[in-house]
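Comments concern the structure below.
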C-alpha cells in the first residue's frame, strides 16, 4: 500500500514534545502529507487542523504516538474507518505501541518502503441492558470488565456462554479479554499470555471469593451473557476508559465485533520478542560452566 496521507495522533493531555515534532518532520521529509487534529495543529503552527472524523476519512495510515492508553483510545475509534495503524511508544510499558522513539525513523522507513506485515485484531463489543432495554454500548480492544464500585462490596454475577451456564461467582469483578488484552489488565490478575493470532475471548475473575477459580478461554464467536445478581454499586468498563453504572438485575451481552483493527509492524517485529523485552524473560541458553573434573 502507498501511504500518502498520514494522520498523526498524540496524547490528548499533553502538548507535542520534541519527539512528536521530530516524527512529524520525518514524515514530511519522506514526502508524506501529515494531518493533525485541531489542537496539535495549533500547537505546531500548522495551517490546517482536522476533526477526528475528517482524519479517519482522509488518512491512508494512522500513527499513534504515546502509550498503550493513547493507542487504545484512538484505535477503538479509528477502526471503523478501516485505516491501518502504527504505535510509537512514548509511554512506559508499551505492548501494542511496539516501535520505540529511538528506533522510530529506521522502523517507520521500513514500513513506508513496504517492508511490513499486517497484524489484525478483532474488537470486543458490549451491551448493557436494564429491564430489557439497551441503555449503553461500548467497544474494547483489550477487555470488557464488570467491576465493583467505591463501596468496596463484592459483585455476585452469573455467566452463560452460548446460552449454556458457566458459573455463578462473587468477586471484585469479572473480565472478558481479547488476546490483545491478555498482556494488559488480564496479565496483572494472573491470566495467561495469548498470542494475538489466537481468536478467542478470555474470562478471568478478579479477586474471586473461591479457591478453585481458573481463567477460561472461549471461542471468539461466542456470545457471553453476564447477569448482575447482587451488588452495592458497580460499573461496566471498556479498556478502563469508557464506563457506565451497573445496577442489580442488569444484563451484559459481550461478543466479538465485525470491526477489525489492522496494526502494521516492521518485518523484524515479533510478539514473543516484545514479551521477552517487556517482561525481562531470559531466553538465552544457560551460561553455567561445566563442572571441572576432580
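Residue numbers (this note's numbering): 3 to 296. We treat Cβ as the ideally placed atom computed from N, Cα and C, and that holds for glycine.
In angstroms, rounded to a whole number, what distance separates the CA positions of residue 140 and residue 190? 23 Å
Just checking, does the region 235-249 make contact with the region 145-156 on the three C-beta pairs under 8 Å criterion? yes
Would you identify the three-state DSSP class for residue 255, choosing helix, strand or coil? strand
Mind checking which residues open and close the beta strand (DSSP E) that includes residue 172? 166-173
If I measure Cβ to Cβ from residue 27 and keep anything under 7 Å in the same chain, skipping five residues before and after, which residues do I get? none
Assigned secondary structure, residue 239 (DSSP; H/G/I helix, E/B strand, else coil): strand
Exposed unless 16 or more other CB atoms sit within 10 angstroms - verdict on residue 267: buried
Delimiting residues of the alpha helix (DSSP H) encompassing residue 75: 70-80
In whole angstroms, give me the CA-to-CA distance for residue 113 and residue 171. 47 Å
Would residue 78 be called buried (16 or more neighbouring beta carbons within 10 Å of its own) or exposed? buried
By DSSP, does residue 45 sit in helix, in strand, or in coil? helix
With burial defined as no fewer than 16 other Cβ atoms inside 10 Å of the residue's Cβ, what is the status of residue 144: buried or exposed? buried
Within-7 Å CB hit, residue 79 to chain D: Going by chain labels, chain D is absent from the structure shown, which holds only one protein chain.
Which whole-angstrom value is the C-beta distance of residue 75 and residue 243, which I expect to be below 8 Å? 6 Å
Within 10 Å of its beta-carbon, does residue 199 have 16 or more other beta-carbons around it, so buried, or fewer, so exposed? exposed
Proximal residues to residue 263 (C-beta, below 6 Å), its chain only, five neighbours per side dropped: 77, 81, 123
Using 8 Å as the Cβ pair cut-off and three pairs as the minimum, do the region 129-136 and the region 170-189 touch? no
Under 6 Å Cβ to Cβ from residue 17, same chain only, skipping five residues before and after it: list those, please. 45
Could you give the residue range of the beta strand (DSSP E) that holds residue 7? 7-11
Would you say residue 88 and residue 60 are within 7 Å of each other, going by their C-beta atoms? no
Under 7 Å between the Cβ atoms of residue 313 and residue 40? Since the displayed the chain opens at 3 and closes at 296, residue 313 lies outside it and no answer follows.
Please work out which residues of its chain come closer than 8 Å, Cβ to Cβ, to residue 117, disregarding the five sequence neighbours upstream and downstream, and give them in chain order. 268, 269
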